[in-house]
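Protein chains: 2
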Amino acid sequence: MARRNDHTREEIQGMAIDATRTLIAKEGLEGVSARKVAQKIGYTVGTLYQNFENIHELILHANAFSLTQLLVELEKVYQAEPRALPRIIRIANTYLDFGQRHEKQWIAIFRHTLPRDFIMPDWYQARIDALFSLIERAVRELAPGRDKKQIQLASRTLWSSVHGICILNIGNKLYSDNIATPQTLMQSLVTHYLSAWIQEGSKA
Amino acid sequence: MARRNDHTREEIQGMAIDATRTLIAKEGLEGVSARKVAQKIGYTVGTLYQNFENIHELILHANAFSLTQLLVELEKVYQAEPRALPRIIRIANTYLDFGQRHEKQWIAIFRHTLPRDFIMPDWYQARIDALFSLIERAVRELAPGRDKKQIQLASRTLWSSVHGICILNIGNKLYSDNIATPQTLMQSLVTHYLSAWIQEGSKA
DNA sequence: TTGAATGGTAAACGTTGTTCAATTATGCTT
DNA sequence: AAGCATAATTGAACAACGTTTACCATTCAA
Chain P
29 MARRNDHTRE EIQGMAIDAT RTLIAKEGLE GVSARKVAQK IGYTVGTLYQ
79 NFENIHELIL HANAFSLTQL LVELEKVYQA EPRALPRIIR IANTYLDFGQ
129 RHEKQWIAIF RHTLPRDFIM PDWYQARIDA LFSLIERAVR ELAPGRDKKQ
179 IQLASRTLWS SVHGICILNI GNKLYSDNIA TPQTLMQSLV THYLSAWIQE
229 GSKA
Chain D
29 MARRNDHTRE EIQGMAIDAT RTLIAKEGLE GVSARKVAQK IGYTVGTLYQ
79 NFENIHELIL HANAFSLTQL LVELEKVYQA EPRALPRIIR IANTYLDFGQ
129 RHEKQWIAIF RHTLPRDFIM PDWYQARIDA LFSLIERAVR ELAPGRDKKQ
179 IQLASRTLWS SVHGICILNI GNKLYSDNIA TPQTLMQSLV THYLSAWIQE
229 GSKA
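First to last, the sequence lines map onto chains P and D. All residue numbers for the first sequence refer to our numbering, where the first residue is 29 and numbers rise by one. All residue numbers for the second sequence refer to our numbering, where the first residue is 29 and numbers rise by one.
Laid out in structure tokens, this is it:
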């Protein structure tokens, strides 16, 4: 079944995703183009388009890789810290830190917009869900008494906020007057929000 | 000085910005192109490029318009509500609501990325600053005793978080299981964060 | 009524995503 | 071994993009 360079369909796809990843890491999302990827793996655009529906699917695969990396890091932190509150704080900081360490990849994940008719693949949505469910787990063990709805509300609120800090941190250095580092903001957010949320729960 | 259609330089610029705004409102940021804008105002691309450095400057002007609209709304809410805490809550909700009512424009503001060498114009940065300073004002009057650094930290933390909820609200309907509406998240964030923050201040 | 300056155009360049007819290489069958 | 069917691969083409520039035309100053 193999041809020319003895590359399986799967191998070509893997090579293309790798090439896309390095392109993103070096030049950012804007640096990715079908022709560049094709040239990097020693094929032409035509071949690329027999292995991927379009350029968005390719980028989505590269982004899914980054998301998996992030998930692995967060899961590790989760395992390493048994105490519920420090755990969430560390997870939030790791999230922020990941965005800083892999800035280009991070931006690629959240700035990449797919066309209106593009249906997000299951395997991609699964990563997003895994992320949110990790947070939900962490929040649940922080306040085991709360019912599912409350846990969901708190974890989504918290994580949207954490995400907001990460977003505004990147690119725009809104915090250029050095005192208010993103880490400080993160600390302020998580401790204040959660302390009030826990306190509210102990009243009931 | 006027030519062909008796349009001043300023008039052409205004027309182009208007055309860009309606394009964004109708088709989103991706629907904007130099040729489309030019055609809409009855000129050619060449003329457009004599009035704007590049397409980014044009989009920036359109986005600045939206930002001003937003600012006006927020300022109105600020004036209408004298009580410090309800004021912040209403401002946050208005922020969220604006994003929902003008989704395309909102996305255009925050998804538009300018090239690496592009220096953000002062008149644009001024809008961003005005936004943050409005929040800072509101937070300051919530806790007049705090020093400037603490106010800055809290207002930036709060607003990054508010922004995060708005961001995750748009496009991706992460909250499709209806119970956790963005309004609920917003309420949860602002009340919990601020109550803990105020409490912390009253201790000192 | 000239000459200079400016407004405006149209065509061109290089890039993008995407498609597709033509070609080439392979595996299977005879 | 020869030929055929099938699949992989190519390269050219298309439309649209941002941007530049040589050129034309209109106006103002002299």
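Glycine included, C-beta positions come from ideal geometry on N, C-alpha and C.
If we count the other Cβ atoms within 10 Å of its Cβ and call it buried at 16 or more, is residue i buried or exposed?
{"i": "M29 (chain P)", "result": "Because M29 (chain P) carries a pLDDT of 32, less than 50, the predicted location of this residue cannot be relied on, and the following value inherits that uncertainty. Counting Cβ neighbours within 10 Å, M29 (chain P) comes out exposed, since fewer than 16 surround it."}
{"i": "A154 (chain D)", "result": "exposed"}
{"i": "F80 (chain D)", "result": "buried"}
{"i": "I45 (chain P)", "result": "buried"}
{"i": "I117 (chain D)", "result": "buried"}
{"i": "Q227 (chain P)", "result": "exposed"}
Short check: CB of residue i to CB of residue j, under 7 Å?
{"i": "T185 (chain D)", "j": "S216 (chain P)", "result": "yes"}
{"i": "V167 (chain P)", "j": "I179 (chain P)", "result": "yes"}
{"i": "L213 (chain D)", "j": "I198 (chain D)", "result": "no"}
{"i": "Q133 (chain P)", "j": "S188 (chain P)", "result": "no"}
{"i": "V65 (chain D)", "j": "A47 (chain D)", "result": "yes"}
{"i": "A136 (chain D)", "j": "L88 (chain D)", "result": "no"}
{"i": "A120 (chain D)", "j": "V218 (chain D)", "result": "yes"}
{"i": "A53 (chain D)", "j": "I83 (chain D)", "result": "no"}
{"i": "W151 (chain D)", "j": "H220 (chain P)", "result": "no"}
Hey, could you find the ends of the alpha helix (DSSP H) residue i is sitting in?
{"i": "R165 (chain D)", "result": "150-170"}
{"i": "Y123 (chain D)", "result": "112-129"}
{"i": "A108 (chain P)", "result": "83-108"}
{"i": "V73 (chain D)", "result": "73-79"}
{"i": "E58 (chain D)", "result": "Neither: E58 (chain D) is in no alpha helix (DSSP H) and is coded neither H nor E."}
{"i": "H191 (chain P)", "result": "176-197"}
Using the Cα positions of residue i and residue j, report the straight-line distance between them to the nearest angstrom.
{"i": "T209 (chain P)", "j": "K176 (chain P)", "result": "34 Å"}
{"i": "T96 (chain D)", "j": "G42 (chain D)", "result": "15 Å"}
{"i": "L170 (chain D)", "j": "A90 (chain D)", "result": "34 Å"}
{"i": "L196 (chain P)", "j": "T36 (chain D)", "result": "38 Å"}
{"i": "D125 (chain D)", "j": "V100 (chain D)", "result": "14 Å"}
{"i": "E103 (chain D)", "j": "R115 (chain D)", "result": "11 Å"}
{"i": "Q128 (chain D)", "j": "E39 (chain P)", "result": "43 Å"}
{"i": "V190 (chain D)", "j": "T75 (chain D)", "result": "41 Å"}
{"i": "S230 (chain D)", "j": "S223 (chain D)", "result": "11 Å"}
{"i": "Q107 (chain D)", "j": "R165 (chain D)", "result": "12 Å"}
{"i": "G173 (chain D)", "j": "Q211 (chain P)", "result": "24 Å"}
{"i": "R49 (chain P)", "j": "S183 (chain D)", "result": "36 Å"}
{"i": "E131 (chain D)", "j": "D34 (chain P)", "result": "48 Å"}
{"i": "Y77 (chain D)", "j": "L86 (chain D)", "result": "10 Å"}
{"i": "D145 (chain P)", "j": "V60 (chain D)", "result": "18 Å"}
{"i": "L98 (chain P)", "j": "I147 (chain P)", "result": "23 Å"}
{"i": "V105 (chain P)", "j": "P149 (chain D)", "result": "41 Å"}
{"i": "E55 (chain P)", "j": "L181 (chain D)", "result": "33 Å"}
{"i": "L51 (chain D)", "j": "L51 (chain P)", "result": "31 Å"}
| request: Determine, using beta-carbon pairs with one atom in the segment 51-69 of chain D and one in the segment 97-117 of chain D, whether at least three such pairs fall under 8 Å. | output: no
| query | Counting pairs of beta carbons, one from the segment 141-150 of chain P and one from the segment 158-166 of chain P, are three or more of them closer than 8 Å? | reply | no
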